């Protein structure tokens, strides 16, 4: 499974995201990394489930990575559930209550605690879904036809 | 722009689809090729516009390609507009009235005639949008993380 040629180019948080996305796929969720629901907000992983539910997952590779993040509370409003994804060595007692917890490495992950449900309102859900669809398709287009002018 | 290593692997209809997708991008539409809105139906190009509008585009590389297609009328119901995409040599008089027309090659395309508007009903639009989002993200995931087990 390991591809030693691509692994070193990913940052620690991105490696966690990779494992998270693999695991969520087993739950029939599709995922987008570094999804921007609005200017200035970038979600590490946005997951879309089979029933249209959105999960927001922020990946933290270290204590400093977590404590330097002043933005996370602004991410809660973009999903039906919110999770932190950290590695096994992370001091999970730092994490705020009322959030979900995923333990991850580069290859897989496990959901230890579900984030509480905070249902998106209908209009926002529709807007997020449309943006998610457009981001995913645009990125895919760039990969399948890299010669086009962007 | 030409990549002689990848071009020969695409079928004639796929080459038209490539030009169509490039052109639609200039109209701020994102696209998915070979999108399956339901079992047994495969749309050559499904395009999603900035206002959430869906356009269905069927690519026909030859007269035979067109006359052997018994399914196209079943595709009308999946978009807000329907188009044929053909190359310059195609006998466009064969094409039914009340459909849009795009002239394409492998590199670009031009919309000659808009398809009439046939608005998707709300529930179907939502379902198609969700399926489009999930297909796009799943394909993207396969490309960005090809080592995972599918």
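Chains as they are written, first to last, in the numbering used here: chain A, 1 to 150; chain B, 1001 to 1150.
Note that CB positions come from ideal geometry on N, CA and C, so glycine has one too.
From a predicted model like this one, the values you see are computed outputs, not experimental measurements.
| Item | Value |
| --- | --- |
| Pairwise C-alpha distance: residue 1108(B) and residue 1013(B) | 13 Å |
| Validate contact between the segment 44-56 of chain A and the segment 76-83 of chain A using beta carbons, cut 8 Å, 3 pairs | yes |
| Pair within 8 Å by beta-carbon distance, residue 86(A) and residue 57(A) | no |
| Chain B contact residues for residue 15(A), given Cβ-Cβ distances below 8 Å | Residues of chain B passing the Cβ test: none, with the nearest at roughly 11 Å. |
| Below-8 Å beta-carbon distance, residue 132(A) vs any chain B residue | yes |
| Burial state of residue 1145(B) (16 or more Cβ within 10 Å) | buried |
| Test: residue 141(A) CB closer than 8 Å to a CB of chain B | yes |
| Any chain A beta carbon closer than 8 Å to residue 1145(B) | yes |
| Validate contact between the segment 1027-1040 of chain B and the segment 130-139 of chain A using beta carbons, cut 8 Å, 3 pairs | yes |
| Exposed unless 16 or more other CB atoms sit within 10 angstroms - verdict on residue 115(A) | buried |
| Chain A within 8 Å of residue 1129(B), Cβ atoms only | yes |
| Which of helix, strand or coil DSSP assigns to residue 1033(B) | strand |
| 8 Å Cβ cutoff, residue 215(A) in contact with chain B | No answer is possible for residue 215(A): the residues shown for chain A start at 1 and end at 150. |
| Residues that residue 1100(B) bridges to, as DSSP identifies them | 1083(B) |
| CB contact below 8 Å: residue 137(A) versus chain B | yes |
| Classification of residue 1061(B) by the beta-carbon crowding that lies within 10 angstroms, buried from 16 upward | buried |
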